[in-house]
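S.K.: If you scroll down you'll find the structure; I have some questions about it.
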Amino acid sequence: MTKQIAPQLIVLSDLHLNGQPERYQTVVRALQTAAEQAPAAHLVVNGDLTDTGTAEQFREFNDIIAASPFARRTWATLGNHDVRGPHWPDWDNSEQADPQHFHAVTESFYTQYLQSLPEIDRQALSFVVHLAAYQLIFLNTEKGLKDSAYFSPETLTWLTDQLAQAAATGQPTLIFCHQPLRQTHWRGNFGAATLAGVLG
């Protein structure tokens with residue numbers, strides 16, 4: 008049996024970039040240190056790239072990554088701070104809610120980001136890539152809920168198919184999603200709606 012080589016990943020989350028120079032420099036130093044310790048690794052930023060999901064904060068994230076050693080080998084997911092925006096009266100976790108900040112700012116940023124990625128299998132804002140012998144699935148909410156992630160039936164079917172294909176070939180799979188999925192973490196069910204399409 009051929010030994011599978013695991014991909015080398017640096018996984019960060021909760022950068023919460025907010026325009027403050029101190030935060031910016033902290034993230035820059037963290038990426039430099041990571042690159043020194045693992046120069047061949049890929050970078051995963053697993054959500055909360057920004058503090059309040061403004062266009063300016065997303066641009067700050069883009070600038071940091073573009074100037075970093077991980078410029079062409081970074082994958083990112085969206086966190087609750089990225090998608091719910093700065094207007095706290097609009098925050099909601101119900102499946103019926105569809106806060107517009109998500110569509111006005113976050114979705115546009117993330118769609119452009121996805122279009123820059125080569126060789127991905129994409130479903131809505133979620134996508135899969137293959138690295139070495141591994142499959143990496145990145146899940147992203149399709150609504151800007153406060154703390155939960157909403158996935159359409161089409162995305163859940165796509166996810167099921169991706170997992171089934173990997174299982175059939177014995178391909179190891181890593182799944183990244185900022186919001187904890189139900190029954191996977193002690194706070195995984197906190198604040199989540201009880202509907203099939205909402206995980207968080």
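Using the numbering used here, read the sequence shown as starting at 8 and increasing by one per residue.
Built from N, CA and C at the ideal position, the CB exists for glycine as well.
What's the gap between the Cα of Ala203 and the Cα of Glu43?
M.R.: On the sequence shown, residue 203 is found 196 positions in, with the first residue counted as 1. On the sequence shown, residue 43 is found 36 positions in, with the first residue counted as 1. Any reading at Ala203 must be qualified, since the residue scores a pLDDT of 43, below 50, and its modelled position is unreliable; no value is offered.
S.K.: Could you give the DSSP three-state label for Ser75: helix, strand or coil?
M.R.: As a first step, residue 75 is located in the sequence shown; it is residue number 68 there, counting from the start. In this structure, Ser75 counts as coil in the three-state DSSP scheme.
S.K.: Between Leu50 and Ser101, what straight-line distance do the alpha-carbon atoms span, to the nearest angstrom?
M.R.: Along the sequence shown, read from residue 1 onward, the residue named residue 50 stands at position 43. Along the sequence shown, read from residue 1 onward, the residue named residue 101 stands at position 94. Spanning the two alpha carbons is a distance of roughly 32 angstroms.
S.K.: Taking the alpha carbon of Ile127 as the reference point, which residue from Leu16, Phe145, Gly92 has its own alpha carbon closest?
M.R.: For this step, residue 127 is matched to residue 120 along the sequence shown. That would be Phe145, whose Cα lies nearest to the Cα of Ile127.
S.K.: DSSP on Asp58, reduced to helix/strand/coil?
M.R.: For the purposes of this step, residue 58 is taken as residue 51 along the sequence shown, with counting starting at 1. If DSSP states are grouped into helix, strand and coil, Asp58 belongs with coil.
S.K.: Does the structure place the region 82-95 close enough to the region 144-158 that three or more beta carbon pairs sit under 8 angstroms?
M.R.: Taking 8 angstroms as the limit for Cβ pairs, the verdict is that the region 82-95 does touch the region 144-158.
S.K.: May I ask you to list the residues that DSSP assigns as paired with Phe109?
M.R.: The sequence position of residue 109 within the sequence shown is 102, counting from 1. The partner list for Phe109 (beta bridge, DSSP) is empty, contrary to what the question assumes.
S.K.: Whose CA, out of Ala48, Gln64, Gln122, Ala140, lies closest to the CA of Gln27?
M.R.: Within the sequence shown, numbered from 1, the residue matching residue 27 stands at position 20. Considering only alpha carbons, the answer is Gln64.
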